[in-house]
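Start counting the sequence shown at 1; every next residue gets the next number (the UniProt record's numbering). Working notes, structure below.
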Amino acid sequence: MLTSHFPLPFAGHRLHIVDFDASSFHEHDLLWLPHHNRLRSAGRKRKAEHLAGRIAAVHALREVGVRAVPGIGDKRQPLWPDGLFGSISHCATTALAVISRQRIGIDIEKIMSQHTATELAPSIIDSDERQIIQASSLPFPLALTLAFSAKESVYKAFSDRVTIPGFNSAKVTSLTATHISLHLLPAFAATMAERTVRTEWFQRGNSVITLVSAITRFPHDRSAPASILSAIPR
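Listed below in C-alpha cells is the structure:
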C-alpha cells in the first residue's frame, strides 16, 4: 500500500501522520503485521485503515527506541509496550499515532456538514454545551465536530480502564481557537468524576485533530514519570 509519513510536533508531543492510498492496498500487505490473522474477516477499507494506523504507531514507537508493532487487545485496543502509552486514529485517507510515558488520547475527524451537525447535535451535546459552542467564534459544524472528537480522545486515553461511556458523561465547558475543555461526570468513571480535562486541537484540511494527555493516573498504572519524549531520527 502506498503511504507517506511525516512527524508533526503538537502540544508537547510528536504526532506521526501517515497519508495512504487505500486503492493500492493488497492483502499481502497485512503479512507485515504479527496479528494479521485477526483481520481476516475485516473489509478491505478496514484492513487498509488498520495497516496505516499500525505504520504510524511503528514510527511513533521508534522515537523511544522501540521496534515493535502494537497488537490487538480483547477490546480491540492497541497493545503498547510496558511503561508506554499510545493512541491511534484514522479518518478517510489519513492515520496518525502518538506515544507517551503518560496516558494519551488522539482523534481525527472529518468536519461535519451543516446538515449532519444539525442532525447529530442532540446525541453529542446538551443545551448547556450548545450555548458554549455557539458562543465561540467557530462555525457550528466545526465546533460540534470538535466536541465529538474531544470526547473520543478522552475515552481513548482511558479505554482500558473504563466501560464505553456515553457522550453525556463528559461536558464541554469552554471552546477556544486552540483548545476545548471537558468536565467529566461520574458516568465516565467514578475515579475521575468532577475533573476538568483540557484537549488541544488544530485543523488539518477538512479534518480536526484533538489530543489529550497528562490527565491523571489510575492505581496500578505501569507508567514512567511524565515527561516530554525526545524525538530521535527515523
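Think of the CB as a built atom: it goes at the ideal place given N, C-alpha and C, for glycine as much as any other residue.
- Nearest in C-alpha terms to Ser174, of all of Phe202, Leu15, Ser153, Ala143, is Ala143.
- Closest in alpha carbon position to His28, among Arg38, Met1, Asp19, is Met1.
- Secondary-structure assignment with DSSP links Pro81 through no beta bridge to anything.
- Counting only the Cα atoms, Thr94 lies some 9 Å from Thr3.
- The DSSP-derived three-state label of His36 is helix.
- According to the DSSP assignment, Ser100 belongs to no alpha helix (DSSP H) but to the beta strand (DSSP E) extending over 94–100.
- For His16 and Leu184, the gap between their C-alpha atoms comes out near 28 Å.
- Take the alpha-carbon of Phe6 and the one of Leu61: they are about 14 Å apart.
- In this structure, the straight-line span from the alpha carbon of Leu33 to that of Arg76 is close to 15 Å.
- Using a C-beta cut-off of 8 Å, the region 73–87 makes no contact with the region 196–203, since fewer than three inter-stretch Cβ pairs fall below that distance.
- Boundaries of the alpha helix (DSSP H) around Lys156: 140–157.
- Between Val172 and Ile209, the CB-CB gap reaches or exceeds 8 Å.
- In the displayed model, Gly166 falls within coil according to three-state DSSP, outside both helix and strand.
- Separation of the CB atoms of His90 and Gly53 is rounded to 5 Å, and the pair is thereby assigned contact status at 8 Å.
- Only exposed fits Ser137, as fewer than 16 other CB atoms lie within 10 angstroms of its CB.
- The residue among Leu51, Trp80, Ile180 with its C-alpha nearest the C-alpha of Ala22 is Leu51.
- For the pair Ser207 and Glu109, the Cα-to-Cα distance works out to about 5 Å.
- For Lys45, DSSP assigns no beta-bridge partner whatsoever.
- Across the structure, Gln114 and Val66 are spaced so that their CA atoms are roughly 43 Å apart.
- Separation of Phe140 and Arg40 (C-alpha to C-alpha, rounded to the nearest whole angstrom) is 40 Å.
- As DSSP reads the structure, Thr196 sits in a beta bridge with His183.
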